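Counting in the working numbering, the sequence shown runs from -16 upward without gaps.
The C-beta atom is built at its ideal place from N, Cα and C for all residues, glycine as well.
Since the model is a prediction, treat every value here as computed from it, not as a measurement.
Report on the structure given below.
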Amino acid sequence: MSFRLLSTAAALALSAGSASADYALTILHTNDFHARFEPISKYDSTCGEEDNAAGECFGGSARLMTALNDAKSKLDNYILVDGGDQFQGTLFYTYYKGKLAAEMMNKMGYDAMTVGNHEFDDGPEVLRGFVDSVDFPVLMSNADISGEPLIADAIQKSTIIEKNGEKIGLIGLTPQDTHELASPGPNITFTDPSEAVQGEVDKLTEAGVNKIVVLSHSGYNTDITVARNTTGVDVIVGGHSNTLLGDMDGAEGPYPTMVNNTAIVSAYAYGKFLGELNVTFDDAGEIIEASGQPLIMDAGVSEDAPVKARIAEAAAPLEEIRSKVVAQTAEEIVGARDMCRAEECPMGNLVVDAMLDRVKDQGIEIALENGGGLRASIDAGEVTMGEVLTVLPFQNTLSTFQVTGATMIEALENGVSQIEDGGGRFPQVAGITFTVDPSAEPGSRISEVMVGGAPIDAEKLYGVVSNNYVRNGGDGYKMFIDAQNAYDFGPDLADVTAEFLAANAPYTPYVDGRITIKE
């Protein structure tokens, strides 16, 4: 019997008995906001005020505030939660770190959020500053933080809030591989998400809580696994994989996705949607109805004037950097997440070509950029430094080093090991070509590797350029940590890319078959 049939039967049974025991709750949720305080284009990149006035932009804090105020005015009982990654993605984060995010989330009245991997981009210290600035709990269940004094007393595994006389348990999750994705430092150990969640569910249940929501910055596939492997979880609010659920174009599954009796929801990213899940619980805390959808933050949602003014004020120091025109592009440079993490993409080729061009006179033959480091597309016409920084916001520097052909193959295997999950480690490359078989087991997916038109030599040392994050083991590239002749202090990757664009203006984006995906 389907969930909805079960829901109807349960609702009828309750209406015949003690329907007053039903408890209705609306969960308003966001995830992967990535410092998109200003409106964004359909490409998730910068959207100017002229285009915004013409109704062509999405999101932004001012629209989100209007949508939240409107939703709250119509609801008797709600919570507002976030699935992580408020940090990183635009100049606002580069300039303000977590301060502006804390200010906006406090204004919007969030009840809780989980720690995303990007909350660790500047180490535990910046995260601690954010946690101290917000008016709500920041949660993370699957990490041992007892050895990190900066956050040991600041972040809870779970919490209990009360709404309309009922207790709701909230549990946080962050990616188990955060040590590879960000900079949490050596004092934090990340653990299995299912085990961590079950441990907190058991504690909450013992405390008399029978309505439990997991805020999970772990990705859609992991959320499904957690729902299958645990008991007592009612709702999982997702993040990390930027998954859109619903019945609209581009959705990856239904909203909510029901696994056993757990409702999984996710609302894409960048403030483009506000998730709204309506849940009804019976007296035992079981879901008897769950429905809703992500609400698109398009031009139909007006912008809250005070918030718009505050963001404009915050943007003023950034404008001189951001508005500088650095190049022209003949057409859109596609940097879409789903493409750059699964196949050769035009933005990947631009960035790795720029990297290799900068250091080719140093005996460097191969360039590699993690697809997850590419954060947006750039539309046709003038290219501003702000747009380049939106694509490459991490302040990564060029790293040059030498590794053997065997190590390079190992790196490529790592790069394609999470292709089915949209892992950010997917390698965009220059100077090297290869074939990927996604149906093979991870670790044996790479073949036909060529460097400079010749088969790669496992014993030969090759000169490689990447970014300092990858060279130091980020995104699973641990094989580069002990590379020979490593130098991590080259120019900023965004500056290198901007200068390459300028030297090749008007730039024409392209793909040329350097990565072959077996069907």
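Cβ neighbours of residue i in the same chain (closer than 6 Å, five flanking residues each side left out)
i, result
"D440", "G388"
"D266", "A4"
"E286", "A45 and R46"
"A477", "V371, L372 and L375"
"D495", "none"
"A137", "R111 and V114"
"I279", "F256"
"A(-4)", "Its pLDDT being 38, under 50, A(-4) is placed unreliably in this model, and the coordinates cannot settle the point."
"I415", "I349 and V434"
"G0", "Bear in mind that the predicted position of G0 carries a pLDDT of just 41, short of 50, making it too unreliable to give a figure here."
Of the residues the options, the one placed nearest residue i, counting alpha carbons only
i, options, result
"L133", "T97, K150, N170 and T161", "N170"
"E424", "E272, L164, G42 and E396", "E396"
"M391", "G318, V192, P120 and F417", "F417"
"T174", "A190, D94 and L156", "L156"
"V262", "A250, A246, F409 and Y251", "A246"
"E393", "Y460, I402 and V366", "Y460"
"E86", "F20, N52, I151 and I270", "F20"
"N193", "I270, K82 and V209", "I270"
"G541", "L198, P239 and M231", "What the structure shows of the chain is the stretch from -16 to 502, and residue 541 is not part of that stretch, so it cannot be assessed."
"N244", "G233, G236, Y238 and V216", "V216"
"A337", "E178, P474 and R320", "P474"
"S382", "S400, S449, A126 and M88", "S449"
"K535", "E32, L58 and L8", "Residue 535 lies beyond the residue range present for the chain, which begins at -16 and ends at 502; the question has no answer from this structure."
"K57", "L8, C40 and I23", "L8"
"P239", "S249, M231 and G233", "S249"
"S274", "Y251, R293, P237 and V242", "P237"
"S116", "A84, T161 and G106", "A84"
"E149", "Y6, M462, Q345 and N455", "Y6"
Residue i and residue j closer than 9 Å at C-beta
i, j, result
"P167", "H223", "no"
"H101", "Y253", "no"
"Y61", "I143", "no"
"L164", "V218", "no"
"G331", "G364", "no"
"G369", "I429", "no"
"H200", "V98", "yes"
"L257", "A466", "no"
"K255", "G112", "no"
"G268", "I361", "no"
"D27", "A297", "no"
"L351", "G398", "yes"
"T226", "G202", "yes"
"D281", "G38", "yes"
"N14", "G81", "no"
"V453", "G356", "yes"
7 Å CB neighbourhood of residue i in its chain, flanking five on each side removed
i, result
"P489", "Q311, T312 and A313"
"A135", "I128 and S129"
"Y78", "P300 and L301"
"F472", "T380"
"A(-7)", "Only weak support exists for where A(-7) lies, its pLDDT of 37 falling under 50; the coordinates are left without a value."
"Y445", "E348, I349, Q385, V386, G388, M391 and V434"
Cut-off 8 Å between Cβ atoms - residues of its own chain near residue i, not counting five sequence neighbours on either side
i, result
"T214", "Q181 and V184"
"E108", "L133"
"A295", "none"
"T367", "T29, R305, S306, K307, V308 and V309"
"L333", "I316, T480, F483, L484, Y490 and P492"
"K501", "T418, V419, D420, P421 and S422"
"D104", "F70, Q71, A165, S166 and F377"
"Y470", "S382, T383 and F384"
Residues sharing a beta bridge with residue i, DSSP
i, result
"D475", "T380"
"F173", "A126"
"A273", "V262"
"E352", "Q411"
"F483", "Paired residue(s): none; F483 is not in a bridge."
"I498", "F417"
"P438", "M433"
"K505", "For residue 505 there is no data in the structure shown, the boundaries of the chain being -16 and 502."
"G236", "L228"
"T97", "L122"
"G152", "I143 and I195"
"I62", "I10"
"M241", "A246"
Nearest-angstrom Cβ-Cβ length linking residue i and residue j, presumed shorter than 8 Å
i, j, result
"L187", "S141", "6 Å"
"V447", "I349", "5 Å"
"T49", "V434", "That pair is no contact at about 53 Å."
"V342", "V412", "Their Cβ separation, rounded to whole angstroms, is 15 Å, which puts V342 and V412 out of contact at 8 Å."
"F119", "Y93", "5 Å"
"I498", "E235", "Incorrect: roughly 23 Å between the Cβ atoms, too far for contact."
"P289", "L228", "With a Cβ gap of about 32 Å, P289 and L228 do not count as contacting."
"S124", "A179", "4 Å"
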